[in-house]
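S.K.:
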Amino acid sequence: MAHPLPSRLGRLFAGGWWRGLAAKLLVLVLLAATLPPLILGILMFRTGAVLQTREALDRSREVAGWGLEKVESYVENLISDLELNLALLLPRGDLRAAPPRSLEPAFALLLKYMENVRALALLDPDGRERLKLSEEVLFTTADLRDRGEDPLVRQAQAGERVVGRVYTSAFSEPMVRVVLPIQDVVEGRLGGLLVAEVNLKRLWDEVLAVKVGRSGYIYVLDDNLRIIAHPDYSLVLMDTSPPFLQQVREVLLSPEGKRQGEYLNHQGER
């Protein structure tokens with residue numbers, strides 16, 4: 002008489018259940034072999050992308066910082082040059098010590114020497130023009146006026162070195178007005194004022210020539226968040242603000258002076 006156990010085992014193996022189990026075990030083995038490297042690869046890719054983004058942001062901040070330092074050093078050097086020449090041309094620092102017309106040849110030479118300065122004006126302590134020279138215009142005594150109510154002049158009368166806002170000249174070039182107090186070194190009081198109209202085109206060309214990454218660029222905003230320097234100069238002439246004005250405000254309000262994020266440029270690109 003045959004034993005029933007072998008026949009039952011035969012039926013079980015004949016049913017193929019073990020084949021399904023073997024297939025599942027094979028899948029588990031394959032997953033165990035491939036999932037960790039796959040997950041590791043994804044993590045490394047994400048980490049690499051994060052590092053790349055961070056490096057790009059750091060590079061952007063470095064370039065922006067360089068642009069800011071470039072503008073600040075340019076203005077400081079310009080003011081230093083003007084003050085040095087003032088000390089040579091007006092050693093006493095008092096316009097009353099010499100008739101303004103006698104100073105005209107020396108200041109005309111200064112105007113020619115400082116290529117980016119397009120116009121100069123000497124004012125008395127009350128803000129009245131005593132001498133005015135320009136590369137583009139020939140002034141006479143009839144053209145002299147009183148600038149006593151000019152806010153920049155008033156600041157300079159208080160002893161400050163004043164740099165005005167960037168404006169566009171009649172020739173569509175970026176300009177800025179600088180007003181410097183002239184101290185009477187003998188009597189220790191205000192002896193007069195110097196007003197210089199400075200062309201910023203060369204500075205803007207140097208700053209705007211710097212690229213950020215493959216398609217990024219630098220542009221400059223004033224304290225009213227208006228565009229005053231941009232590779233597309235038509236945006237400057239239109240006196241516009243950037244489309245991401247809120248992000249700029251957040252940067253200015255943040256303690257660190259920086260903000261990470263994305264925004265759309267004037268071409269609608271992110």
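Residue numbers for the sequence shown follow the working numbering, so the first one is 2 and each next one is one higher. A virtual CB, placed ideally from N, CA and C, is assigned to each residue, including glycine.
(1) Looking at Leu111 and Asn86, is the spacing between their C-beta atoms short of 8 Å?
(2) Give the list of continuous alpha helix (DSSP H) stretches no shorter than 4 residues that lie fully inside the stretch 190-224.
(3) So Met176 and Glu198 are in contact, right, with Cβ under 8 Å, and what is the actual spacing, rounded?
(4) Evaluate Leu10 with the Cβ neighbour count: other Cβ atoms within 10 Å of its Cβ, from every protein chain shown; 16 or more gives buried, anything less gives exposed.
(5) Can you tell me which of the three DSSP states Ala107 falls into?
(6) Please classify Gly217 as buried or exposed, where buried requires at least 16 neighbouring CB atoms within 10 angstroms.
(7) Does the CB of Leu121 have a neighbour CB from chain D at under 8 Å?
(8) For the alpha helix (DSSP H) containing Gly157, name the first residue and the last one.
(9) Could you check what DSSP says for Pro232 in three-state terms: helix, strand or coil?
(10) Cβ atoms of Thr241 and Ile229: under 8 Å apart, would you say?
(11) Val186: which of Pro92, Asp151, Lys113 sits nearest, CA to CA?
(12) For a test of the three-state rule: what should DSSP assign to Thr141, helix, strand or coil?
(13) Between which two residues does the beta strand (DSSP E) holding Ser135 run?
(14) I need the straight-line Cα distance from Ala88 to Leu201, nearest angstrom please.
(15) Using the Cβ count rule (16 or more neighbours within 10 Å means buried), how would you classify Arg178?
(16) If you draw a straight line from the alpha carbon of Ser173 to that of Leu123, how long is it in whole angstroms?
(17) Tell me which residue opens and which closes the beta strand (DSSP E) that Leu91 is part of.
(18) Pick from Asp127, Leu104, Glu137: whose alpha carbon is nearest that of Ala120?
(19) Could you give the distance in angstroms between the alpha-carbon of Pro243 and the alpha-carbon of His231?
(20) Could you give the first and the last residue of the continuous beta strand (DSSP E) run that contains Leu181?
(21) Taking the DSSP output, what are the residues bridged to Ala120?
(22) Measuring only the C-alpha atoms, how far is Phe108 from Gln158?
(23) Tyr168 bridges to which residues according to DSSP?
M.R.: In this structure, then:
(1) yes
(2) 202-209
(3) 6 Å
(4) With a pLDDT of only 48 at Leu10, under the threshold of 50, the placement of this residue in the model should not be trusted; the figure read from the coordinates follows. Classification of Leu10: exposed, given that the 10 Å Cβ count is below 16.
(5) helix
(6) exposed
(7) Absent here is chain D; the protein component of the structure consists of one chain.
(8) Strictly speaking, residue 157 in this sequence is Ala, with Gly absent from that position. Ala157 -> alpha helix (DSSP H) spans 152-158.
(9) coil
(10) no
(11) Pro92
(12) coil
(13) 130-135
(14) 24 Å
(15) buried
(16) 25 Å
(17) First-last for Leu91: undefined, no H or E at that position.
(18) Glu137
(19) 11 Å
(20) 175-185
(21) Ser135, Glu198
(22) 21 Å
(23) Met176
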